[in-house]
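Chemist:
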Amino acid sequence: MKLTRIVLAAAIAAACGSALAADPITQRQDVFKDYKKTFGPMGDMVKGKTPYDKAEFAKLAAHLEVISKQPWQYFTPGTDKGKTGAKAEIWSKSAEWKQEISKHEAATAALAKVAATGDLAAIKPAFGKVGQTCKSCHDAFRKPD
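Here the sequence shown stands for residues -21 to -1, 1 to 124, where the numbers follow mature numbering (1 follows the signal peptide of the UniProt record, and there is no 0).
Right, dumping it as structure tokens:
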């Protein structure tokens, strides 16, 4: 009897965990947390706060390019409610929002390309452009903190 309860409790916990993982708000927030873990160390290198490591920067830039395509699928209708920074304008001005996404994805691709060269002087403006695309989208489509 006790074993049955343990198995049942484990099954319920697993089902709840799957339901939480499937929540689009949580999924996109997880991608943006990955952004911070990736973009932060890159910024530290660009600003000279940490030593510039060509290989590490190129790896981070390539990863940023990959994840730059991921969060958008989780902005499903109705997910402007709840614990989210997403403004309703994402859905009411979707053409403009998609333009912001395109600019961001292009900037991350350009950064990854220049990062592969290892030329820090060329990397700095490309990195700045990525930051500008983040800010532009946040200004229009993200609630203030």
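Ideal Cβ positions, reconstructed from N, Cα and C, are used throughout, including at glycine. Just so you know, these numbers come straight off a predicted model, no measurement behind them.
Give the range of the alpha helix (DSSP H) segment to which Q8 is assigned.
Modeler: 3 to 25
Chemist: Quick check on A65: does DSSP put it in helix, strand or coil?
Modeler: strand
Chemist: Please return the same chain residues whose Cβ sits closer than 8 Å to the Cβ of F11, not counting the five positions on each side in sequence.
Modeler: P50
Chemist: Any chance you could list the alpha helix (DSSP H) runs of at least 4 consecutive residues sitting entirely within the region 25 to 112, in chain order?
Modeler: As far as the region 25 to 112 is concerned, its whole alpha helix (DSSP H) runs of at least 4 residues are 33 to 46, 68 to 71, 73 to 94.
Chemist: Quick one: measure Cβ to Cβ for T63 and K82, integer angstroms, because I've assumed they're closer than 8 Å.
Modeler: Not quite, the Cβ-Cβ distance comes to about 22 Å (not below 8 Å), so this is no contact.
Chemist: Can the beta-carbon of R7 be found less than 9 Å from the beta-carbon of T58?
Modeler: Yes; because the gap between Cβ atoms is below 9 Å, this pair is in contact.
Chemist: So is V109 buried or exposed if we call it buried at 16+ other beta carbons inside 10 Å?
Modeler: buried
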